Amino acid sequence: MDPTAQYIPYFYNSLPRGNKDIRLLRLLPNKKETATLQCQLFNYSLEPDSHQYDALSYVWGDPNETLPILIDENVFYITENLHAALLRIRDHSLERIIWVDAVCINQDDEEEKGYQIQYMARIYGQANRVIVWLGKEEDDSNQALEIIRSVAEDGSINVANNQKAVLGLLQRPWFERIWVLQEVAAARHVLIMCGSAEIDGYPFCLGLESLMNFYETRKDLQGVIRSITYLVKGAIFRPKYATSKPSMGSLNICPLGELIDMYHTHKATKLHDKVYALLGMSSVDGGRARLSPNYEVSWEKLLQQLIEFLLHEQVSVETGPGKQMAVIRSKGCILGQVSSVKNYITRESKQNLDVSLKMISEQLGHSKRYDTHWMLKSSAKQIREGDIVCLLQGAARPVIVRPCGDYFAVIRISVFPENKPTKSRDIEWSNLLQALTVFPHDFLLVWDWTENSDFGEYGNLVKTNDWMSGYSKSELESHLDKATRMWNCALILEDLKEYKEAEVRLRKAIESYDMVLGEVDMHTVESRYSRTPLSCAAWNWCGPVVNARTLLWLAARGGYKIVVKLLLETDKVDVDPKDKNSQTPLSWTAKHGHEAIVKLLLGTGKADVHSKDKDGRTPLSWAAEGGHLAIVELLLQEKANVNAPGAGYKGRTALQAAAGGGHLAVVERLLKEKAKVNASAAVNDGRTALQAAAGGGHLDVVERLLQEKADVISTSSSGCFKRRPTSMHEQQNVAEERQCRQRQKEVISQ
916 MDPTAQYIPY
926 FYNSLPRGNK
936 DIRLLRLLPN
946 KKETATLQCQ
956 LFNYSLEPDS
966 HQYDALSYVW
976 GDPNETLPIL
986 IDENVFYITE
996 NLHAALLRIR
1006 DHSLERIIWV
1016 DAVCINQDDE
1026 EEKGYQIQYM
1036 ARIYGQANRV
1046 IVWLGKEEDD
1056 SNQALEIIRS
1066 VAEDGSINVA
1076 NNQKAVLGLL
1086 QRPWFERIWV
1096 LQEVAAARHV
1106 LIMCGSAEID
1116 GYPFCLGLES
1126 LMNFYETRKD
1136 LQGVIRSITY
1146 LVKGAIFRPK
1156 YATSKPSMGS
1166 LNICPLGELI
1176 DMYHTHKATK
1186 LHDKVYALLG
1196 MSSVDGGRAR
1206 LSPNYEVSWE
1216 KLLQQLIEFL
1226 LHEQVSVETG
1236 PGKQMAVIRS
1246 KGCILGQVSS
1256 VKNYITRESK
1266 QNLDVSLKMI
1276 SEQLGHSKRY
1286 DTHWMLKSSA
1296 KQIREGDIVC
1306 LLQGAARPVI
1316 VRPCGDYFAV
1326 IRISVFPENK
1336 PTKSRDIEWS
1346 NLLQALTVFP
1356 HDFLLVWDWT
1366 ENSDFGEYGN
1376 LVKTNDWMSG
1386 YSKSELESHL
1396 DKATRMWNCA
1406 LILEDLKEYK
1416 EAEVRLRKAI
1426 ESYDMVLGEV
1436 DMHTVESRYS
1446 RTPLSCAAWN
1456 WCGPVVNART
1466 LLWLAARGGY
1476 KIVVKLLLET
1486 DKVDVDPKDK
1496 NSQTPLSWTA
1506 KHGHEAIVKL
1516 LLGTGKADVH
1526 SKDKDGRTPL
1536 SWAAEGGHLA
1546 IVELLLQEKA
1556 NVNAPGAGYK
1566 GRTALQAAAG
1576 GGHLAVVERL
1586 LKEKAKVNAS
1596 AAVNDGRTAL
1606 QAAAGGGHLD
1616 VVERLLQEKA
1626 DVISTSSSGC
1636 FKRRPTSMHE
1646 QQNVAEERQC
1656 RQRQKEVISQ
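Oh and the sequence shown: position 686 is 1601 in my numbering, straight run, nothing missing.
Rendered as structure tokens:
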């Protein structure tokens, strides 16, 4: 029978506001270990300097598994884990004075929760002792604590036989809870309890540091354990808590953005606490930042306010209910790129970065590059070589991002580099960043607080997370948005000279753009920005060059007629850009049979039909080799030189190319234009049209060329004997085949 069944529920009295008043729990003694927990709640002021209460740091546990206690002779229900902690703390003869959040704060009063949480750094900082409750004794936890104590005393102890017990202890939920960071960061004395065992916080951390190699291979434990041990170990060095702030305490450990980057993957019962738990550790005035604890504000609104505070109110932020993710859109500029990374595993893990700030030099017109060295505290998402350092318009601090398909993932939302000498010159960051006034790029950033955030492209991210970004879009709008995203990413990567990755995105942008516009009236469809696709192409997609290939070159190469048409209509593009092989768009499209694009290019009157690539091949030669008769006709109409000599490796005339491919109709058309039958190709190839046709076994072409009195044995253009067109055996086969065909014709005609 429940001994508390006869009692009425406990109801809170309101706390006075503005006097730093809190509640404390008086835990009454009892010599019987299983007796009902009897307590009293009383108001208490934090104003005096000396305090004799303890503060409890613990994990609530399952809210549906509760047990009763008595408060002022009224029944009150707490979780099983808290019940076990209070039983462990209760003394047999002396009262214990404790602050514990689940009881000392009215959890049903959101307003009270908001302003009481502002005192938590002060509550834990002024406590005589912070008691960490890891949970009940189980899975050899007592043995694990003893091993940790022994290792702290004698680092040579072998723990291999107790590996399971130690890992089990370190995997307890307390280590992952975000509130414990502030609780132990404020503490001046920490006592670790687990079941009946206990150990002082300092030797506990010494033992864990000695076991670093033991758990370092466990990625799920690395950052969690290091952050806890660093904070707990520092407790003995902290002075008596004092603050100059009139209404709330702040530990002033480091800027809020840095704390968020470090700890946003820690767990919280309520998402709001991922911000509020760190606010008291930061150097930020929550009121001025519009971030004061307020649980009546929705999570998505709080996340938006946080991002606007860390970056700037000008940025566009999209969030979703219950989503630990935000989509950020902003103009920005590239500062540079991480060139190397070294991880230092110390009591406070850090990353040692070399950063090439080449884009700053270009923006400011300096001849020397800014190269710098940063030592940053390790974040929840580790920085990698190749990550991009950028500055968003209006932001006071750089952001570190990583390319992910058609968007960029935020790795560090706010970087706080030191003012220190670099390889080239001293950098005063505040002055340097203020000097940057041009923000040419459109950034789409995704800040994901979950641990697994590799979604590929943005569309996959939206689908995977059931994300309604912006507004409901038609298929057309989705494709247009994707094209724009890919293009914007390509421009950023091109500025960094990441040409290969930039070109991949350009191709995808063109493909997406062309696929949609092929089905609509491209002059009437409007995008979400009230610009037609023609306008986008005209003003955004004409000039940039990636690895010597312009957008026109890439669109022509892919056969994207509509994109080519849009670009040409702007009258802003170079019609004859050459790639690294000196091929023009006309040459490439002639080679691959894109007749419609060839017409568009020739229609400008600016495409050079006589241009030659590195192998001396002309557009006519490539079209002839592919058997593209219609394109050959178009080029001949533009006065393409039918006898343009081949040059370089495998250079060929148009007739030689057509004959080698066995394209009789093209051969006929070229002969009609008086193509030279016996012209030889380049020195490295040296074959005439007849030799090329015979070598490929194209009998019809051989016959036609022989009718034009093609030489059966030819010499090269240098006058020296080069080679026979084929072997004697092959010539005999050709002759026999001709005779056979002649006999067949005679039989048919009889």
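Glycine is no exception: its CB is placed at the ideal position from the N, C-alpha and C atoms.
Here the structure is a predicted model, which is why all the values come from computation and not from measurement.
(request) Compute the beta-carbon to beta-carbon distance between A1573 and A1539, rounded to the nearest angstrom, for a pair I have assumed lies under 8 Å. (result) The residue you call residue 1573 lines up with position 658 of the sequence shown. The residue you call residue 1539 lines up with position 624 of the sequence shown. With a Cβ gap of about 4 Å, A1573 and A1539 count as contacting.
(request) Could you check which residue in L1001, W1214, S1264, N1267 has the C-alpha nearest to that of A1241? (result) Position 326 of the sequence shown, counting from 1, holds the residue named residue 1241. Residue W1214 is the option with its Cα nearest to A1241.
(message) So for V1047, helix, strand or coil by DSSP?
(response) Along the sequence shown, one-based indexing puts residue 1047 at 132. It is a strand residue.
(request) Give the range of the beta strand (DSSP E) segment to which C1305 is assigned. (result) Counting from one through the sequence shown, the residue named residue 1305 turns up at place 390. Looking at the DSSP string, the run of the beta strand (DSSP E) that includes C1305 is 1303-1307.
(request) Taking V1316 and V1330 to be in contact with their CB atoms under 8 Å, please state how far apart those CB atoms are, rounded to whole angstroms. (result) Here the question's residue 1316 lines up with position 401 in the sequence shown. Here the question's residue 1330 lines up with position 415 in the sequence shown. With 8 Å as the limit, V1316 and V1330 do not qualify as a contact, their Cβ atoms being about 11 Å apart.
(request) Enumerate in chain order the residues of its own chain whose CB-to-CB distance from W1364 is below 6 Å, with the five nearest sequence positions on each side excluded. (result) Residue 1364 sits at position 449 when you count from the first residue of the sequence shown. Taken in chain order, the residues that qualify are H1179, Q1239.
(request) Would you identify the three-state DSSP class for K1514, choosing helix, strand or coil? (result) If you number the sequence shown from 1, residue 1514 lands on position 599. K1514 falls in the helix class under three-state DSSP.
(request) Within 10 angstroms of the Cβ of P1534, are there 16 or more other Cβ atoms? Answer buried if so, exposed if not. (result) Position 619 of the sequence shown, counted from the first residue, corresponds to residue 1534. That one is buried.
(request) Compare the C-alpha of G1247 against each of I1038, V1256, H1525, C1404 and name the closest. (result) By 1-based counting over the sequence shown, the position of residue 1247 is 332. For G1247, the nearest C-alpha among the options comes from C1404.
(message) Quick check on H1181: buried or exposed, where buried means 16 or more other Cβ atoms within 10 Å of its Cβ?
(response) Here residue 1181 is taken as the residue at index 266 of the sequence shown, counted from 1. H1181 comes out buried.
(message) Taking the beta carbon of H1438 as the centre, do at least 16 other beta carbons fall within 10 Å, making it buried, or is it exposed?
(response) Position 523 of the sequence shown, counting from 1, holds the residue named residue 1438. Note that H1438 scores a pLDDT of 42, beneath 50, so its modelled location is shaky and nothing firm can be said.
(message) Would S1294 and R1244 be called neighbours here (beta carbons separated by less than 7 Å)?
(response) The sequence position of residue 1294 within the sequence shown is 379, counting from 1. The sequence position of residue 1244 within the sequence shown is 329, counting from 1. Not in contact: S1294 and R1244 (Cβ atoms no closer than 7 Å).
(request) May I have the straight-line CA-CA distance separating R1299 from L1194, to the nearest angstrom? (result) Start at 1 with the first residue of the sequence shown, and residue 1299 comes out as number 384. Start at 1 with the first residue of the sequence shown, and residue 1194 comes out as number 279. Near 28 Å, if we compare the C-alpha coordinates of L1194 and R1299.
(request) Please work out which residues of its chain come closer than 6 Å, Cβ to Cβ, to S1526, disregarding the five sequence neighbours upstream and downstream, and give them in chain order. (result) Counting from one through the sequence shown, the residue named residue 1526 turns up at place 611. T1499.
(message) Taking the alpha-carbon of C1319 as reference, which of A1350, L1360, L1291, L1306 has the nearest alpha-carbon?
(response) Reading the sequence shown from its first residue, position 404 is the one you call residue 1319. Taking only the C-alpha atoms, the option nearest C1319 is L1360.
(request) Using only alpha-carbon positions, find the residue among N1258, C954, E1413, K1587 that is nearest to R938. (result) For the purposes of this step, residue 938 is identified with residue 23 of the sequence shown, where counting begins at 1. Comparing Cα-Cα distances from R938 to each of N1258, C954, E1413, K1587, the minimum goes to C954.
(message) Under DSSP, the beta strand (DSSP E) around E1233 begins and ends at which residues?
(response) For the purposes of this step, residue 1233 is taken as residue 318 along the sequence shown, with counting starting at 1. Note, E1233: beta strand (DSSP E), 1231-1234.
(request) Check whether the region 1057-1076 touches the region 1011-1019, taking contact to mean three or more Cβ pairs, one atom from each stretch, closer than 8 Å. (result) no
(request) Taking only the alpha-carbon atoms, compute the straight-line gap between G1474 and L1206 and give it to the nearest angstrom. (result) Within the sequence shown, the letter at position 559 stands for residue 1474. Within the sequence shown, the letter at position 291 stands for residue 1206. Distance between the alpha carbons of G1474 and L1206: 53 Å.
(message) Using DSSP's beta-bridge definition, name the partner residues of V1242.
(response) Here the question's residue 1242 lines up with position 327 in the sequence shown. According to DSSP, V1242 bridges with E1233, V1361.
(request) Determine the direct distance from the alpha carbon of A1569 to that of A1505, and round the result to whole angstroms. (result) If you number the sequence shown from 1, residue 1505 lands on position 590. If you number the sequence shown from 1, residue 1569 lands on position 654. Distance between the alpha carbons of A1505 and A1569: 12 Å.
(message) Across the region 991-1007 and the region 926-933, are there enough close Cβ pairs to call them in contact, namely three or more that are closer than 8 Å?
(response) no
(request) Let me know the secondary structure DSSP gives P878 once reduced to three states. (result) The structure shown does not extend to residue 878, since the chain is modelled only from 916 to 1665, so the question has no answer here.
(message) Which residue marks the beginning of the alpha helix (DSSP H) containing C1019, and which one marks its end?
(response) The sequence position of residue 1019 within the sequence shown is 104, counting from 1. 1016-1019 is the extent of the alpha helix (DSSP H) around C1019.
(request) Pair every Cβ in the region 1123-1143 with every Cβ in the region 1215-1229, then say whether three or more of these pairs are closer than 8 Å. (result) no
(request) Return the chain-ordered list of same chain residues with a C-beta closer than 6 Å to the C-beta of D1054, the five sequence neighbours on each side being excluded. (result) Translated into positions along the sequence shown, residue 1054 becomes position 139. Taken in chain order, the residues that qualify are G1083.
(message) Just verifying my parser: in three-state terms, what is the DSSP assignment at Q967?
(response) Position 52 of the sequence shown holds residue 967. Here Q967 sits in coil by DSSP.
(message) Less than 7 Å between C-beta atoms, sequence neighbours within five positions excluded: which residues of the same chain meet that for G1611?
(response) In the sequence shown, the residue the question calls residue 1611 occupies position 696. Excluding sequence neighbours, G1611 sits near G1575, G1577.
(request) Look at K1028 and Y1210 and say whether their C-beta atoms are less than 7 Å apart. (result) The residue labelled residue 1028 in the question sits at position 113 within the sequence shown. The residue labelled residue 1210 in the question sits at position 295 within the sequence shown. Yes, the pair counts as a contact, with Cβ atoms nearer than the cut-off.
(request) Verify whether the separation of the beta carbon atoms of V1683 and L1171 is less than 7 Å. (result) The first residue shown for the chain is 916 and the last is 1665, placing residue 1683 beyond what the model contains.
(message) Quick check: V1557 and E1588, are their CB atoms within less than 7 Å of each other?
(response) To locate residue 1557, count along the sequence shown from 1; it is residue 642. To locate residue 1588, count along the sequence shown from 1; it is residue 673. Yes. Within cutoff.
(message) Whole angstroms are fine: how far does the CA of D936 sit from the CA of V1703?
(response) There is simply no residue 1703 to check, as the chain begins at 916 and stops at 1665 in what is shown.
(request) Please state whether DSSP places R1141 in a helix, a strand or coil. (result) Within the sequence shown, numbered from 1, the residue matching residue 1141 stands at position 226. Looking at R1141 - three-state DSSP - the assignment turns out to be helix.
(request) Can you check DSSP and say which residues form a bridge with V1256? (result) For this step, residue 1256 is matched to residue 341 along the sequence shown. Paired residue(s): L1268.
(message) Tell me the residue span of the beta strand (DSSP E) that contains E1223.
(response) Here residue 1223 is taken as the residue at index 308 of the sequence shown, counted from 1. Run containing E1223: none in the beta strand (DSSP E); it sits in the alpha helix (DSSP H), 1214-1225.
(request) Pull up the distance between the alpha-carbon of I1020 and that of L985, whole angstroms please. (result) Sequence index remark: in the sequence shown, residue 1020 carries index 105 (1-based). Sequence index remark: in the sequence shown, residue 985 carries index 70 (1-based). Roughly 16 Å separates the two Cα atoms.
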